[in-house]
Each structure stands twice: as structure tokens, then as C-alpha cells.
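*Asks:*
Put into C-alpha cells, the structure is as follows:
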């Protein structure tokens with residue numbers, strides 16, 4: 018039984034932490050919403066609800082965190098009552114959040130001074146992947162530390178990619194989300210266009226699935242759009258945050274990202290229209306509103 022910690026019990030973090038507990042490990046839990054830590058600890062015998070990240074650090078040899086953004090990550094690691102105040106020498110901090118690559122490098126340096134190892138390990142797979150223990154992790158950090166943490170990653174996910182040194186996991190995750198968000202925007206435009214012209218949406222999806230334009234993302238998301246089901250697996254507001262990180266990285270690396278900049282504006286429009294907490298497939302509502310078309314299953 019390992020002494021682990023988990024910070025952040027949202028849509029992704031809650032089931033991730035639950036998998037670690039059910040695998041037989043002693044897991045200290047913290048959430049910005051204390052009731053979530055209390056609930057999970059109450060459901061599972063080996064969960065311990067903590068009031069602060071500092072208390073988690075005092076308990077754990079390896080701490081995972083999955084929080085919303087760069088500021089949250091910095092706060093729970095180095096802020097008041099943060100991990101840094103109680104981490105043991107030789108402890109490992111694994112950030113599974115999607116944050117700025119520059120933040121990962123900063124945390125590596127700050128924690129190294131305390132004799133603590135840091136890894137960036139953002140994940141993908143959304144809510145179903147977290148609940149099913151089938152997430153994909155993209156990891157940056159020292160290889161020997163990755164090897165130590167690997168057994169715990171394997172409890173939460175099925176695909177592990179060691180991407181290289183610190184921040185490489187974050188860079189890989191941002192690229193993955195860049196492609197994903199732009200594919201989604203292309204689908205939104207295409208399916209609204211074909212629906213406006215009179216092509217049945219389900220027929221259009223079948224055509225896409227049988228062509229070079231086939232996309233696993235679209236094959237999965239389109240039925241939710243057709244059913245007008247926008248329950249959140251990955252919210253518009255968090256993808257919008259990630260797109261901002263992509264554009265920041267592009268600026269830092271002098272890489273133009275013109276298509277991504279336009280996609281950011283469409284996500285921002287969706288947030289402005291009140292869809293920020295809905296699933297990313299709800300971004301189609303922006304174009305639907307502009308064109309007076311609703312993409313739905315004509316049989317319902």
C-alpha cells in the first residue's frame with residue numbers, strides 16, 4: 018500500500034482518485050470544494066479527507082493534482098498551506114492538469130530546492146476515460162521518476178507516453194488539444210452548412226465516416242449534438258483556457274497559429290452566449306444561432 022495524495026476532485030480528478038483508492042492505496046484527498054473530499058473519503062475506506070494541500074503533503078510520498086488552470090496549480094503547490102510547506106525530501110509531485118509549459122519548468126526548479134521531484138503529466142480522455150480508468154497520459158520529467166510513478170499511472174490510464182524532459186508532456190497535450198479543437202470547429206462549420214442546404218445530419222456523418230474526413234472525435238461527438246445532449250465531458254471554458262495556452266506557446270516559440278486564433282474566438286463566443294459550462298460540442302450553437310439552423314436527429 019502506497020501513501021498517495023490527490024488534489025482536485027472535479028469531473029476528472031474524482032474518478033482518478035477513486036481508482037487509486039480502490040487499487041488498495043492510502044490516498045489523502047483535497048478539493049477546493051471540501052464536500053467532495055469528504056464524500057469520496059466516506060465512500061472508500063482508504064480515503065482521507067484533508068483541509069489543505071499541506072495536510073496532503075504531510076501524508077503522501079507521491080502527490081497527484083488535477084486542477085483547472087495554471088493559477089490553481091501554482092496556488093496548491095506553492096501558495097499558503099500549499100504542498101511545498103510539508104513535502105518530504107524525495108517526495109514526487111505529479112501535475113496531471115493542463116497548464117502552461119513554463120509553469121512546469123518553474124515548479125521543477127522550486128521543488129528541486131526542497132529535494133522534491135516534479136513531473137508534468139497532463140491527461141486526455143475526458144470524463145469517460147477518467148471513470149473507466151482508460152486515460153492517456155503525456156509525461157515530462159526525469160525518466161527514473163517516471164518509472165517509479167508508472168504503476169500508479171497504469172491504475173488511471175491505459176496509454177502512457179513518456180515525452181522527455183520537464184514541460185514536454187504539457188507541450189504534447191497542448192498540441193493534441195490544438196488539433197482536437199480545430200477539428201471540432203471544422204465539423205461545426207461543415208455540418209451547419211450541409212444542414213442548411215438540406216442534407217440530413219445523420220447521412221452527412223455517415224458520409225464523413227466513410228471518407229478521408231473521418232474523425233474519431235466527430236464520430237463520438239456528433240450523436241450528442243444530434244440528440245441535443247450537451248452534458249459536460251469536457252467544458253467549453255476549459256478548452257478555451259487550453260487554446261489560450263496554445264497561443265501563448267505559439268508566441269513564445271514564434272509559431273503562427275492563425276486557425277487556432279479563430280477557433281479561440283468561436284469558443285469565446287460560445288462562452289459569451291452562456292455555454293461555458295457545457296460540453297465542447299455545444300460550440301455548434303454559435304453557428305446555429307447565426308444561421309437559424311439546428312443540427313438534430315430528424316427522426317426525433
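Residue numbers (this note's numbering): 18 to 317.
Quick reminder that beta carbons are idealized off the backbone N, C-alpha and C, glycines included.
For clarity, every value in this text was computed on a predicted model and none was experimentally measured.
1. From the DSSP output, which residues share a beta bridge with residue 4?
2. Straight-line CA distance for residue 62 to residue 42?
3. Under the criterion of a Cβ to heavy atom distance below 7 Å, does residue 270 qualify as lining the ligand ATP?
4. Inspect the CB distances between the region 81–95 and the region 108–124 and report whether three or more fall short of 8 Å.
5. Is the Cβ-Cβ distance between residue 112 and residue 71 less than 8 Å?
6. Below 8 Å, how does it come out for the region 170–188 and the region 209–218: are there three or more Cβ pairs, yes or no?
7. Residue 4: which of 59, 23, 177, 196 sits nearest, CA to CA?
8. From what residue to what residue does the alpha helix (DSSP H) around residue 123 run?
9. Rank 50, 253, 20 by C-alpha distance to the C-alpha of residue 37 and give the top, closest one.
10. Please specify which runs of the beta strand (DSSP E), each continuous and at least 3 residues long, are wholly inside the region 135–163, giving them in chain order.
11. Beta-carbon separation of residue 199 and residue 95 under 8 Å?
12. What alpha helix (DSSP H) runs, 4 residues minimum, are completely inside the region 35–75?
13. Tell me whether the beta-carbon of residue 210 lies closer than 8 Å to the beta-carbon of residue 259.
14. Compute the Euclidean distance between the alpha carbons of residue 273 and residue 287, then round it to the nearest angstrom.
15. Spatial neighbours of residue 2 within its chain, please: CB distance less than 8 Å, with the 5 preceding and 5 following residues excluded, ordered by chain position.
16. Please classify residue 237 as buried or exposed, where buried requires at least 16 neighbouring CB atoms within 10 angstroms.
17. Grab the span of the beta strand (DSSP E) containing residue 293 for me, first residue to last.
18. If you run the structure through DSSP and keep just helix, strand and coil, what is residue 247?
19. What residue from 188, 75, 234, 204 has the CA that sits closest to residue 122's CA?
20. When DSSP labels each residue in this structure, what does residue 274 get in the three-state scheme?
21. Three-state secondary structure (DSSP) at residue 231?
22. Going by DSSP, what residue range makes up the alpha helix (DSSP H) through residue 100?
23. Go to residue 175, then tell me how far its beta strand (DSSP E) extends in each direction, as first and last residue.
24. Per the contact definition of three or more C-beta pairs closer than 8 Å, is the region 292–305 in contact with the region 228–242?
25. Closer than 6 Å by C-beta to residue 252: which residues in its own chain qualify, once you throw out the five before and the five after it? Chain order, please.
26. If you count every other CB in all the chains shown that lies within 10 Å of the CB of residue 323, and 16 or more means buried, which is it?
*Replies:* So, to answer that:
1. The question about residue 4 has no answer, for the chain in this structure spans 18 to 317.
2. 10 Å
3. Absence of the ligand ATP is noted for the structure shown, with no ligands found whatsoever.
4. yes
5. no
6. no
7. Lying outside 18 to 317, the shown extent of the chain, residue 4 is not represented and no answer is given.
8. 118–129
9. 20
10. 152–157
11. no
12. 51–60
13. no
14. 24 Å
15. What is shown of the chain runs 18 to 317, which leaves residue 2 out entirely.
16. exposed
17. Counting along the chain, residue 293 falls outside any beta strand (DSSP E), and DSSP gives it neither H nor E.
18. coil
19. 188
20. coil
21. coil
22. It is not in any alpha helix (DSSP H) - residue 100 carries neither H nor E in the DSSP assignment.
23. 174–181
24. yes
25. 294
26. With the chain covering 18 to 317 only, the question about residue 323 has no answer from this structure.
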